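So the sequences go chain by chain: D and A. So the number in the working numbering is just where the residue sits in the first sequence, counting from 1, plus 177. So the number in the working numbering is just where the residue sits in the second sequence, counting from 1, plus 177.
Number of protein chains: 2
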Amino acid sequence: MDVKVQIEMEKAAQILKLLGDKTRLSMMKLLQNNECCVCELVEIYKASQPAISQHLRKLRDIELVKERRQGHWIFYSLNKENSYYQFVLNILESLPSEDGRLNELEKQGLRISCC
Amino acid sequence: MDVKVQIEMEKAAQILKLLGDKTRLSMMKLLQNNECCVCELVEIYKASQPAISQHLRKLRDIELVKERRQGHWIFYSLNKENSYYQFVLNILESLPSEDGRLNELEKQGLRISCC
DNA sequence: TGAATATATAATAAAATACTTATATAATTA
DNA sequence: TAATTATATAAGTATTTTATTATATATTCA
Numbered sequence: 178m179d180v181k182v183q184i185e186m187e188k189a190a191q192i193l194k195l196l197g198d199k200t201r202l203s204m205m206k207l208l209q210n211n212e213c214c215v216c217e218l219v220e221i222y223k224a225s226q227p228a229i230s231q232h233l234r235k236l237r238d239i240e241l242v243k244e245r246r247q248g249h250w251i252f253y254s255l256n257k258e259n260s261y262y263q264f265v266l267n268i269l270e271s272l273p274s275e276d277g278r279l280n281e282l283e284k285q286g287l288r289i290s291c292c
Numbered sequence: 178m179d180v181k182v183q184i185e186m187e188k189a190a191q192i193l194k195l196l197g198d199k200t201r202l203s204m205m206k207l208l209q210n211n212e213c214c215v216c217e218l219v220e221i222y223k224a225s226q227p228a229i230s231q232h233l234r235k236l237r238d239i240e241l242v243k244e245r246r247q248g249h250w251i252f253y254s255l256n257k258e259n260s261y262y263q264f265v266l267n268i269l270e271s272l273p274s275e276d277g278r279l280n281e282l283e284k285q286g287l288r289i290s291c292c
């Protein structure tokens, strides 16, 4: 059964606005099960590096995602500590998996495996 | 238990973008349990009539809400026939009730009771 | 049928968002 | 330590969204 924690209207609208973008929403779904670095996302979404960086910044600013530096790379993942994590997860669970996109990368030898 | 019907990424983003506005999100929550006419929404949100009409149009365009004409008034409500109704409902259920706003109207004698 | 009321639409202006190009920062490695 | 690589940020521009003002449509009622 789902947990239904209530969330203020304003905060909800703010989060939904950020999720209301195809690239960001798909990124969030991808990050639900995976840690990804920026260059992988650039490859997957065929977008410019600054464009991806700026999407990530917005998600980071409201703490929906967190980063972990490892050498050259910065790995992004969902921030499970966030008070609104459950709200976001509820939405992500209605979306089709995007993991296939990472498998594609792997096949092309472009996956940045950590460590 | 929640029904979790999967929904295409693009459609989800489109819906979330519309919900990602404070006024529209709050309106949707209000309409979850109530039928409201435009003038009530204008009063509640202290917005101009065209502004409210245009918000409603967007929600109507993707069939999240439906209208019912009765005399001068046009009453809006959630469109439960929509394929994405369950998805939307899932989100609305995490939000605090807005019914209090209608009670306020009622007290002021501004509620348009149907029939 | 004409006036009044509720709502919609069109045109425009203002504000917010997203993308591009250029540059900065931080870590790695030769 | 200089060159390279991954990422971030800033500035400018283009695009999208929202609100405003003016006007049109539809219904009711005198």
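Glycine included, C-beta positions come from ideal geometry on N, C-alpha and C. On a predicted model such as this, the values are computed, not experimentally measured, just so you know.
Beta-carbon gap between residue 253(A) and residue 265(A) smaller than 7 Å: In the second sequence, residue 253(A) corresponds to position 76, counting from 1. In the second sequence, residue 265(A) corresponds to position 88, counting from 1. No.
Proximal chain A residues relative to residue 187(D), where beta-carbon distance stays under 8 Å: Taking the first residue of the first sequence as position 1, residue 187(D) is located at position 10. 199, listed in chain order.
With 16 other Cβ atoms within 10 Å as the buried cut-off, status of residue 189(A): As a position in the second sequence, residue 189(A) is number 12, starting the count at 1. By the neighbour-count rule (16 or more Cβ atoms within 10 Å), residue 189(A) is buried.
Buried or exposed by the 16-neighbour rule on C-beta atoms within 10 Å, applied to residue 197(A): In the second sequence, counting from the first residue as 1, residue 197(A) sits at position 20. Buried, by the Cβ-count rule.
Exposure of residue 217(A), with buried meaning 16 or more beta-carbon neighbours within 10 Å: In the second sequence, counting from the first residue as 1, residue 217(A) sits at position 40. Residue 217(A) should be labelled buried.
Which residues DSSP lists as bridging residue 254(A), in chain order: The count along the second sequence starts at 1 and reaches residue 254(A) at position 77. Looking at the DSSP assignment, residue 254(A) forms a beta bridge with 243(A).
Residue nearest to residue 232(D) in terms of C-alpha spacing, selected from 194(D), 210(D), 263(D) and 259(D): Sequence index remark: in the first sequence, residue 232(D) carries index 55 (1-based). The shortest C-alpha separation from residue 232(D) is found at 194(D).
Outcome for residue 272(D) when other beta-carbon atoms lying within 10 angstroms are tallied against a minimum of 16: Stepping through the first sequence from its first residue, residue 272(D) is reached at position 95. Residue 272(D) should be labelled buried.
Under 9 Å by beta carbon: chain D residues contacting residue 190(A): Here residue 190(A) refers to the residue found at position 13 of the second sequence. 196, 197, 198, 199, 200, 201, 202 and 203, listed in chain order.
Short-range partners of chain D found in the stretch 250-270 of chain A, where Cβ spacing is below 8 Å: 264, 267, 268 and 270
Proximity winner among 214(D), 267(D), 209(D) and 239(D), relative to residue 247(D) (alpha-carbon distances): Numbered from 1 along the first sequence, position 70 holds the residue referred to as residue 247(D). Checking every option, the nearest Cα to that of residue 247(D) belongs to 214(D).
Pair within 7 Å by beta-carbon distance, residue 182(D) and residue 263(D): Indexing the first sequence from 1 puts residue 182(D) at position 5. Indexing the first sequence from 1 puts residue 263(D) at position 86. Cβ atoms of residue 182(D) and residue 263(D): closer than 7 Å.
Environment of residue 210(A) [buried if 16+ CB atoms lie within 10 Å]: Here residue 210(A) refers to the residue found at position 33 of the second sequence. Answer is exposed; the Cβ neighbour count stays below 16.
Exposure label - residue 257(D); buried when at least 16 CB within 10 Å: Residue numbering aside, residue 257(D) sits at position 80 when the first sequence is read from its first letter. Label assigned to residue 257(D): exposed.
C-alpha distance - residue 275(A) paired with residue 212(A), whole-angstrom precision: Within the second sequence, the letter at position 98 stands for residue 275(A). Within the second sequence, the letter at position 35 stands for residue 212(A). One C-alpha to the other measures close to 13 Å.
Residue 200(A) to residue 267(A) span [Cα, whole Å]: As a first step, residue 200(A) must be located in the second sequence, where it is residue number 23. As a first step, residue 267(A) must be located in the second sequence, where it is residue number 90. Computed Cα separation, rounded: 18 Å.
Amino acids of chain D, ordered along the chain, whose beta-carbon sits closer than 7 Å to that of residue 208(A): Position 31 of the second sequence, counted from the first residue, corresponds to residue 208(A). The premise fails here: residue 208(A) is roughly 14 Å from chain D at the closest Cβ pair, so nothing lies under 7 Å.
Span of the alpha helix (DSSP H) around residue 238(D): Counted from its first residue, the first sequence places residue 238(D) at position 61. Its alpha helix (DSSP H) spans residues 226-238.
Per DSSP, the bridge partner or partners of residue 216(A): Along the second sequence, one-based indexing puts residue 216(A) at 39. Answer is none; residue 216(A) lacks a bridge partner.
Nearest candidate by alpha-carbon position, reference residue 205(D), set 288(D), 283(D) and 255(D): One-based indexing of the first sequence puts residue 205(D) at position 28. Looking at the Cα atoms, 255(D) is the closest of the given residues.
Short CB-CB distance (under 7 Å) between residue 231(D) and chain A: Along the first sequence, one-based indexing puts residue 231(D) at 54. Judged by the 7 Å Cβ criterion, residue 231(D) is not in contact with chain A.
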